[in-house]
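> Next up is a structure, given as structure tokens.
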Ligand code: PMT
């Protein structure tokens, strides 16, 4: 569970119809139902007849708190398909089989799930899953093309990878539940305050080469910046993530620009920052780099007991960006300090031209580098600092974006 902020936007309080078709990937749909429910969505699961052969209805009841719907002719609610479609904020079909895709593309209303589809105005997320030959079949491609012409439909996947037992691997594998949950989140967040805006986020530490083998770096993992990029995308923004080296998975839907040094990060940011509505500088940029990196590995035998590396200052990326940002845009900085946190953060807020700054303390339990949580104070110019408790970095990102949205409004 995410400490500090549950349930989470954009899922919280929203109604999702989760359609499950008859494919081996249906076992993963239980996880999708569970994760959507944990994030605060009300999930109505609709199973096709074939889906029941792959996964037990009881499993969905166990994770959503209510039984799945199957029979369009069930006595007691003759207009069930209409009410499900009308009340849904999003319909998600995972797995979407070749048969379902063909029926949806031709507008059939031959079972409860396809009937809900023709009775809803909500966005529809489909996660195709099938054998690679079925996915490559011209009829399947044609049906998908029909669905994709309809602006309400968003396709997520399929991924390339291992298929059902004995089928080898190829394109046709359903994307993982976490990606489907994010695709649903994006569909729910599309009308939100960040919809249509462009957001640039910097993340992770830079590496400044000393010689071909060694570099000067820092402990930033990228977790804070990647959480911000993911949260902004979920709220409907077009997001570019400029990141130093990191092993954190790239958030779904986000444009990724990988860099290594501060100079590369500076070029990548300055090239793009003039066109964005929001810039978030979460990267731990090296303030200095070796003036001239050695072309040969420094040998201990040659360097002796002491080695001096001549350092030169890197450009201040955030300060240089401020001058290029368009009117009405919002610049967010971070301050990482070991002492005098708020005083130094306020100084950086002014010196670097930020609209708000997020102060965090290095070395504090539950905060700072590498770990999944952070404890921050958000300082908006001219306002009282907002001190937050230790929270998951995604929840911290949501709090920061709430403040950004207030500024944009
Ligand atoms: O990546 P994680 O492991 O999740 O850790 C997250 C974090 C601790 C790195 C993150 O929360 C954070 O504090 N990032 C900023 C770290 C930092 O470099 O702070 P600073 O106080 O040195 O820099 C102030 C601001 O200027 C920052 O927005 C920084 O991106 C920016 N800066 C700094 C130097 C430079 N040459 N150019 C810059 O743009």
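In my numbering, the protein residues as written are 18 to 426.
Don't be surprised by glycine CBs; every beta carbon is placed ideally from N, CA and C.
1. Does any CB atom of chain C fall closer than 8 Å to the CB of residue 221?
2. Find the nearest neighbour of residue 271 within the set 53, 200, 393 and 64, judged by alpha-carbon distance.
3. Give me whichever residues DSSP pairs with residue 330 in a beta bridge.
4. Which residues in the same chain have their Cβ closer than 6 Å to the Cβ of residue 31, if we skip the five residues on either side of it in sequence?
5. CB of residue 377 to nearest heavy atom of ligand 1: below 7 Å?
6. Where do the N-terminal and C-terminal ends of the beta strand (DSSP E) with residue 353 fall, by residue?
7. In chain order, which continuous runs of the alpha helix (DSSP H) of length 4 or greater are located wholly inside the region 162-244?
8. From the DSSP output, in three-state form, read off residue 136 for me.
9. In three-state DSSP terms, what is residue 415?
10. How is residue 155 classed by DSSP in three states: helix, strand or coil?
11. Within the same chain, show all residues whose beta-carbon is closer than 6 Å to that of residue 358, passing over the 5 residues directly before and after it, in chain order.
12. For residue 26, which of 340, 72 and 202 has the nearest alpha-carbon?
13. By DSSP, does residue 315 sit in helix, in strand, or in coil?
14. Cβ atoms of residue 101 and residue 142: under 8 Å apart, would you say?
15. How long is the line joining the alpha carbons of residue 294 and residue 399, rounded to whole angstroms?
16. So, with DSSP's three-state summary, where would you put residue 125?
17. Does DSSP classify residue 102 as helix, strand or coil?
18. On the three-pair Cβ rule with 8 Å, is the region 242-249 touching the region 403-416?
19. Hey, could you find the ends of the alpha helix (DSSP H) residue 277 is sitting in?
20. Mind checking whether the beta-carbon of residue 241 lies closer than 7 Å to any heavy atom of ligand 1?
21. Which one or two residues does DSSP pair with residue 34 in a beta bridge?
22. Quick one: residues in its chain with C-beta nearer than 8 Å to the C-beta of residue 10, no 5 flanking neighbours on either side, listed in chain order?
23. Please say whether residue 340 and residue 223 have beta carbons closer to each other than 8 Å?
24. Comparing the CB of residue 238 with every heavy atom of ligand 1, is any distance shorter than 7 Å?
25. State yes or no: is the C-beta of residue 4 within less than 8 Å of the C-beta of residue 187?
26. Among the residues of its own chain, which have a CB less than 8 Å from the CB of residue 63, if the five just before and after it don't count?
27. Ends of the alpha helix (DSSP H) at residue 359?
28. Given 8 Å as the limit, is there contact between the region 271-286 and the region 233-240, that is, 3 or more CB pairs closer than that?
29. I think residue 355 touches residue 383, with their Cβ atoms under 8 Å apart; what is that distance to the nearest whole Å?
30. Would you identify the three-state DSSP class for residue 81, choosing helix, strand or coil?
31. Out of 42, 46 and 391, state which residue places its alpha-carbon closest to the alpha-carbon of residue 198.
32. Which residue from 322, 215, 299 and 345 puts its Cα closest to that of residue 385?
Result, derived from the coordinates:
1. In the structure shown, chain C does not exist; there is a single protein chain.
2. Here residue 271 refers to the residue found at position 254 when the chain shown is read from its first residue. Nearest option by C-alpha distance: 200.
3. Within the chain shown, numbered from 1, the residue matching residue 330 stands at position 313. Partner(s): 305.
4. Taking the first residue of the chain shown as position 1, residue 31 is located at position 14. 58, 106 and 205, listed in sequence order.
5. Along the chain shown, read from residue 1 onward, the residue named residue 377 stands at position 360. Residue 377 Cβ: within cutoff of ligand 1.
6. Here residue 353 corresponds to residue number 336 of the chain shown, with the count starting at 1. Residue 353 -> beta strand (DSSP E) spans 347-354.
7. 194-206
8. Taking the first residue of the chain shown as 1, we reach residue 136 at position 119. Here residue 136 sits in coil by DSSP.
9. Here the question's residue 415 lines up with position 398 in the chain shown. DSSP places residue 415 in helix when its eight states are reduced to three.
10. Numbered from 1 along the chain shown, position 138 holds the residue referred to as residue 155. It is helical.
11. Taking the first residue of the chain shown as 1, we reach residue 358 at position 341. So the list reads 376 and 378, once near-sequence residues are dropped.
12. Here residue 26 refers to the residue found at position 9 when the chain shown is read from its first residue. Among 340, 72 and 202, the Cα nearest to that of residue 26 is on 202.
13. Walking along the chain shown from the start, residue 315 turns up at place 298. Coil, per DSSP.
14. By 1-based counting over the chain shown, the position of residue 142 is 125. By 1-based counting over the chain shown, the position of residue 101 is 84. Judged by beta-carbon spacing, residue 101 lies beyond the 8 Å limit of residue 142, meaning their Cβ atoms are not closer than that value.
15. For the purposes of this step, residue 294 is taken as the residue at position 277 of the chain shown. For the purposes of this step, residue 399 is taken as the residue at position 382 of the chain shown. Whole-angstrom Cα-Cα distance: 21 Å.
16. Looking up residue 125 in the chain shown gives position 108. DSSP places residue 125 in coil when its eight states are reduced to three.
17. Numbered from 1 along the chain shown, position 85 holds the residue referred to as residue 102. Note: residue 102 maps to helix in three-state DSSP.
18. They touch, by the three-pair rule.
19. To locate residue 277, count along the chain shown from 1; it is residue 260. Neither: residue 277 is in no alpha helix (DSSP H) and is coded neither H nor E.
20. In the chain shown, residue 241 corresponds to position 224, counting from 1. Proximity of the beta carbon of residue 241 to ligand 1 is indicated: a heavy atom of the ligand is located closer than 7 Å.
21. To locate residue 34, count along the chain shown from 1; it is residue 17. In DSSP, residue 34 forms a bridge with 61 and 108.
22. Only positions 18 to 426 of the chain appear in the structure, and residue 10 is not among them; the question remains open.
23. The residue labelled residue 223 in the question sits at position 206 within the chain shown. The residue labelled residue 340 in the question sits at position 323 within the chain shown. No. Outside cutoff.
24. Numbered from 1 along the chain shown, position 221 holds the residue referred to as residue 238. In terms of side-chain proximity, the C-beta atom of residue 238 is found nearer than 7 Å to a non-hydrogen atom of ligand 1.
25. Given a span of 18 to 426 for the chain in the structure shown, any question on residue 4 remains unanswerable.
26. Within the chain shown, the letter at position 46 stands for residue 63. Contacts found: 34, 35, 36, 37, 85, 86, 87, 101, 129, 130 and 133.
27. Residue numbering aside, residue 359 sits at position 342 when the chain shown is read from its first letter. Residues 358-368.
28. no
29. As a first step, residue 355 is located in the chain shown; it is residue number 338 there, counting from the start. As a first step, residue 383 is located in the chain shown; it is residue number 366 there, counting from the start. At roughly 16 Å, the Cβ-Cβ gap does not stay under 8 Å, so residue 355 and residue 383 are not in contact.
30. Counted from its first residue, the chain shown places residue 81 at position 64. The three-state reading of DSSP puts residue 81 in helix, counting H, G and I together.
31. Locating residue 198 in the chain shown gives position 181, counting from the first residue. It is 46 whose Cα lies nearest to the Cα of residue 198.
32. As a first step, residue 385 must be located in the chain shown, where it is residue number 368. Out of 322, 215, 299 and 345, 299 has the C-alpha closest to the C-alpha of residue 385.
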